[in-house]
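Engineer:
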Amino acid sequence: MNKSNGLSLFELLTVLIIVAIIAGFAMPSLRDLLQTSYADVQRDQLLQVIQLARSEALLRGVSVSLCKSADQKICGGAWDQGQIVFVDDQESGEVQQREQVIAVFTGASQYAHLYWRAFPRRQAYLQFLADGTTHAENGTFWYCMSSHPYPRWAIVIGKSGRAREVYPDQHGKIIDGRGEVLQC
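Numbers in this note's numbering are just positions in the sequence shown, counted from 1, shifted up by 202.
In structure tokens form, the structure reads like this:
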């Protein structure tokens with residue numbers, strides 16, 4: 203009598219269907235986990251960039267600016283495309299020909315966006331003076347994942363130059379310093 207050690211087509215298809223169903227349930231959770239981890243990495247990197255700009259202003263005794271940059275050479279584009287930290291001798295918020303670039307940073311994922319709002323002057327850059335304070339303004343960075351209407355986190359910079367992290371409340375919203383809900 204011949205004994206078969208193989209699987210029948212029916213058994214193989216049954217196992218494949220069960221594996222596909224389990225994988226289908228696991229994939230959204232895995233995607234959310236990866237997006238959350240990436241958001242945390244982006245938050246930590248931005249905090250380091252802000253702290254670098256402030257500490258360089260204090261150490262050098264000059265104004266240092268942080269601006270958005272699409273090409274990591276000149277200021278412009280979107281915050282999620284990258285940033286430049288530079289000595290801002292003219293306090294213009296733009297990298298001038300003779301100003302020293304301290305560091306450049308690449309941007310966030312194509313599935314996430316980083317926004318900045320300064321007040322009261324609404325400048326498109328963040329500038330630290332020689333004493334580590336900001337140039338007459340407060341501001342907020344906030345990070346949005348493309349699949350969510352509200353930010354995952356925010357970083358608020360006070361006039362003193364200190365940065366603090368803010369997370370969504372029990373309703374999933376972040377309120378900025380002016381009492382407005384941040385939206386993506």
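Ideal Cβ placement from N, Cα and C applies to all residues, glycine included.
Nothing here was measured: the structure is a model prediction, and the numbers come from that model.
In terms of residues, what are the limits of the beta strand (DSSP E) holding W318?
Structural biologist: Taking the first residue of the sequence shown as 1, we reach residue 318 at position 116. Per DSSP, W318 belongs to the beta strand (DSSP E) from 314 to 321.
Engineer: As an exercise, report each continuous alpha helix (DSSP H) stretch of at least 4 residues that is fully enclosed by the stretch 269 to 314, in chain order.
Structural biologist: With a minimum length of 4 residues, no continuous alpha helix (DSSP H) run stays inside the stretch 269 to 314.
Engineer: Can you pull the DSSP bridge partners for E367?
Structural biologist: Against the sequence shown, residue 367 aligns to sequence position 165. E367 is bridged to I357.
Engineer: Assuming contact is defined by CB atoms lying nearer than 9 Å, are R323 and E301 in contact in what I supplied?
Structural biologist: Here residue 323 refers to the residue found at position 121 of the sequence shown. Here residue 301 refers to the residue found at position 99 of the sequence shown. Going by C-beta atoms, R323 is not nearer than 9 Å to E301.
Engineer: Quick one: measure Cβ to Cβ for T335 and S294, integer angstroms, because I've assumed they're closer than 8 Å.
Structural biologist: Numbered from 1 along the sequence shown, position 133 holds the residue referred to as residue 335. Numbered from 1 along the sequence shown, position 92 holds the residue referred to as residue 294. Not quite, the Cβ-Cβ distance comes to about 18 Å (not below 8 Å), so this is no contact.
Engineer: If contacts are defined as beta-carbon pairs under 8 Å, then S271 and Q285 qualify, I think. What distance do you get, rounded to the angstrom?
Structural biologist: By 1-based counting over the sequence shown, the position of residue 271 is 69. By 1-based counting over the sequence shown, the position of residue 285 is 83. The Cβ separation is near 6 Å, so the contact holds.
Engineer: Could you check the C-alpha separation between V217 and G208 for me, to the nearest Å?
Structural biologist: In the sequence shown, counting from the first residue as 1, residue 217 sits at position 15. In the sequence shown, counting from the first residue as 1, residue 208 sits at position 6. Those two C-alpha atoms are separated by around 14 Å.
Engineer: Mapping DSSP to helix, strand and coil, what is G471?
Structural biologist: In the structure displayed, the chain extends from 203 to 386; residue 471 sits before or after that span and is not available.
Engineer: From which residue to which residue does the beta strand (DSSP E) around C346 run?
Structural biologist: By one-based count along the sequence shown, residue 346 stands at place 144. Segment 340 to 347, the beta strand (DSSP E) holding C346.
Engineer: Which of the three DSSP states, helix, strand or coil, is assigned to V243?
Structural biologist: Taking the sequence shown and counting its residues from 1, one reaches residue 243 at position 41. The answer is helix: DSSP assigns V243 an H, G or I state.
Engineer: From V179 to G278, what distance separates their C-alpha atoms?
Structural biologist: Given that the chain is displayed from residue 203 to residue 386, the structure contains no residue 179 and the question cannot be resolved.
Engineer: I'd like the list of long-range same chain contacts for R366, defined as Cβ closer than 6 Å, with 5 residues on each side in sequence excluded.
Structural biologist: To locate residue 366, count along the sequence shown from 1; it is residue 164. Cβ within range, chain order: V358.
Engineer: What did DSSP end up calling S210 once you bin it into helix, strand or coil?
Structural biologist: Numbered from its first residue, the sequence shown carries residue 210 at position 8. In this structure, S210 counts as coil in the three-state DSSP scheme.
Engineer: Skipping 5 residues on each side, what residues in its chain have a beta carbon closer than 7 Å to that of A259?
Structural biologist: Your numbering for residue 259 matches position 57 in the sequence shown. So the qualifying residues of the chain are S265, V266, F330, L331, A332, G334.
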